[in-house]
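*Asks:* Taken in order, the sequence shown gives residues 1 to 522; the numbers are from UniProt numbering.
Heads up, the beta-carbon is just placed ideally off N, CA and C, and yes, glycines get one too.
All values derive from a computational prediction rather than experimental measurement.
Quick one: the structure is below, questions incoming.
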Amino acid sequence: MKKYIVIFALIAAIFASPTALFGNEAAGEKILRWGGDSEGGFPYMFPDPQDPKKLIGFEVDIVDALAKEMGRRPIYVNNAWDNLIPGLDRNLYDIAINGLEVTPEHEEQINFSIPYYKTYLQLAVRRRDNSVKKLDDLKGKTVGTLKESYAQQVLEEVGDIKIRTYIVEANTYEDLANGRLDAAFFDQPIALYSAGFNPEIKFVGPPVGELKYAIALRKKDKELLAEVNRAIVALRDSGKLREIYDRWNLWTPVMAAEFNDFDPPKVEPERYNEWAESHRPALTFHKRMNRYMEVMPLFAKGALVTMEVSVVAMIIAISLGLVLAVTRVFAPAWIAFAATLYVEIVRGTPVLIQLFFIFYGLPSVGIKFSPFWAGAIGLGLNYAAYEAEIYRAGLFAIPRTQWESALALGMTRWQAMREVILPQAVRVVIPPITNDFISLLKDSSLVSIITMVDLTKVYGQVSATYYDYFGPGIIVAVIYLLLGLPFVRFAHHTEKRLAEVEKEGRHGRRENIYRSSTRYVR
């Protein structure tokens with residue numbers, strides 16, 4: 001058993017990246033760490049269609065200008081949109097910006113800067129649908145919107161609407177075009193970039209409501225709030241903010257009234273034009289293949305993160321699972337009960353809830369882990385419960401006569417277990433343990449909820465950027481298959497060796513017991 005743990009540890013050492021364990025900030029450098037969600041976050045923040053390794057968006061431009069004005073270096077931290085505020089409380093970043101709406105509910109938890117953008121909600125339907133002209137026409141229909149957003153609140157107030165919430169905005173408009181929804185209801189910037197050039201969708205009705213975007217900060221960061229506000233005012237007065245909005249085609253009559261600036265645009269909406277052109281034409285097969293080749297480095301980086309987390313988590317699971325199994329079988333009743341309780345609780349609760357609890361819950365009692373270790377520990381503790389049951393089944397699979405023979409030869413119970421029972425049990429359970437590792441490899445996709453950009457997260461980012469879930473989906477499936485294939489081969493090899501061992505017969509096993517016991521008799 002030690003041999004396999006050492007092998008896993010060596011693999012983990014090879015795969016583990018230094019940035020997963022240590023920071024990369026220069027000593028004394030002023031940093032502005034900011035959080036956002038790049039998956040489907042256009043036009044706020046998203047991978048550049050021309051260069052997927054680069055993050056772009058009008059809020060990326062705002063943060064860059066803000067950091068320059070404040071004399072800081074910006075560092076981006078990816079997090080799911082609905083986890084941005086919990087991540088702020090978790091001290092993952094200093095500020096959060098991603099179309100965060102100023103609402104009374106949000107203001108109870110965090111501080112907001114002065115607004116940097118003002119907009120409204122826009123209703124969209126299919127091009128040939130003339131049954132919807134305003135919000136009241138949505139009654140009895142199915143409408144998609146962003147999860148936990150102001151748009152969702154408005155739809156709930158209208159009533160008698162079947163609301164479907166989404167995390168990735170592009171998916172909503174895809175469902176609308178495919179007939180799965182009757183309408184989509186989003187912030188105007190999202191609607192403009194998601195459907196403004198889509199021939200299958202049209203905008204209907206007047207602007208709805210009023211939205212103000214602001215930068216979120218922790219309640220205690222009063223000095224940083226004042227510094228951010230001063231920088232926003234300076235960017236507004238210098239015309240830098242207006243320039244950014246013009247470039248992204250986001251200067252509207254609402255913004256003109258808010259800034260009291262009714263001058264015509266001074267720069268072309270080049271960013272919006274680039275976005276529209278990259279999505280309008282039907283790609284040829286050759287261009288599509290070139291696009292997939294461009295994003296392969298992103299998939300490779302995500303696959304490395306997936307393997308790192310999976311290997312470390314499996315080491316934890318194997319080690320702890322063995323301790324739990326031995327405890328349940330051989331320890332005193334009260335200790336065995338504690339091990340049993342752990343196994344039942346962990347197996348009876350979703351791993352997603354466990355990851356949330358470890359990453360966002362434990363800091364409230366002073367226990368903090370980095371995203372990498374939170375993911376590895378969470379998956380490891382979860383799978384340890386299953387490994388314990390596999391080990392326990394392996395221990396019970398060894399005939400009782402093995403115990404009796406070992407004890408009759410003068411071994412203690414610990415010696416018998418270590419030298420006779422456990423080696424045989426390990427040989428029995430290696431194939432199912434290998435299968436569990438493959439399952440853990442796939443379940444590692446859940447770590448994307450705690451700010452880690454793994455293979456599945458990259459798939460979401462790339463697919464949302466290009467409106468293409470087919471090709472990238474095949475690529476990701478193949479990568480997962482290749483990652484797990486060596487362990488599948490290892491399982492087959494182990495099963496073959498196990499069959500050969502069984503052919504040795506009972507006589508060979510008794511001989512091994514005798515040879516092991518003579519060392520202790522002497």
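1) Checking the sheet assignment: what are the DSSP bridge partners for F330?
2) Quick check on Q109: buried or exposed, where buried means 16 or more other Cβ atoms within 10 Å of its Cβ?
3) What do you get for P399, buried or exposed, if any count of 16 or more other CB atoms within 10 angstroms of its CB means buried?
4) Should P104 go down as buried or exposed, given a rule of 16 or more other Cβ atoms within 10 Å for buried?
5) Which first and last residues belong to the beta strand (DSSP E) in which W34 is found?
6) Straight-line CA distance for D468 to L181?
7) Which of helix, strand or coil does DSSP assign to R347?
8) DSSP on A124, reduced to helix/strand/coil?
9) If you draw a straight line from the C-alpha of S113 to the C-alpha of A65, how long is it?
10) I need the boundaries of the alpha helix (DSSP H) containing D61, first residue and last residue.
11) For the 8 Å Cβ check, are there 3 or more pairs between the region 95-102 and the region 40-55?
12) Going by beta-carbon coordinates alone, are V309 and F359 separated by less than 9 Å?
13) Note down the Cα distance separating E174 from I56, rounded to an integer number of angstroms.
14) Hey, V329 and F396: beta-carbon distance below 9 Å or not?
15) Can you tell me whether I479 is buried or exposed? The criterion is at least 16 other CB atoms within 10 Å of its CB, across all chains shown.
16) DSSP on N290, reduced to helix/strand/coil?
17) For G209, which of helix, strand or coil comes out of DSSP?
18) In three-state DSSP terms, what is T434?
19) Quick check on L224: does DSSP put it in helix, strand or coil?
20) Consider the C-beta atom of L379 and the heavy atoms of the ligand ADP; say whether any pair is separated by less than 8 Å.
21) Comparing alpha-carbon positions, which option in L155, Y272, Q152, V233 lies nearest F259?
22) So, for K222: in the same chain, excluding its five sequence neighbours on each side, which residues have a beta-carbon less than 7 Å away from its beta-carbon?
*Replies:* Looking at the coordinates:
1) F330 is not bridged to any residue.
2) Q109 should be labelled exposed.
3) P399 comes out exposed.
4) So P104 counts as exposed.
5) Segment 31-36, the beta strand (DSSP E) holding W34.
6) Computed Cα separation, rounded: 19 Å.
7) The DSSP-derived three-state label of R347 is helix.
8) For A124, the secondary structure class from DSSP, reduced to helix, strand or coil, is strand.
9) About 15 Å.
10) In the DSSP assignment, D61 falls within the unbroken alpha helix (DSSP H) covering 58-70.
11) Counting C-beta pairs closer than 8 Å gives three or more between the region 95-102 and the region 40-55, which meets the contact rule.
12) Not in contact: V309 and F359 (Cβ atoms no closer than 9 Å).
13) Whole-angstrom Cα-Cα distance: 22 Å.
14) Annotated as proximal: V329 and F396, with beta-carbon spacing under 9 Å.
15) So I479 counts as buried.
16) When DSSP states are grouped into helix, strand and coil, N290 belongs to the helix group.
17) Taken through DSSP and simplified to helix, strand or coil, G209 comes out as strand.
18) Helix.
19) In the structure shown, the three-state DSSP call for L224 is helix.
20) In the structure on display, the ligand ADP does not appear, and there are no ligands present to speak of.
21) Checked all of L155, Y272, Q152, V233; the closest Cα to F259 is V233.
22) The answer is none, since no qualifying residue turns up.
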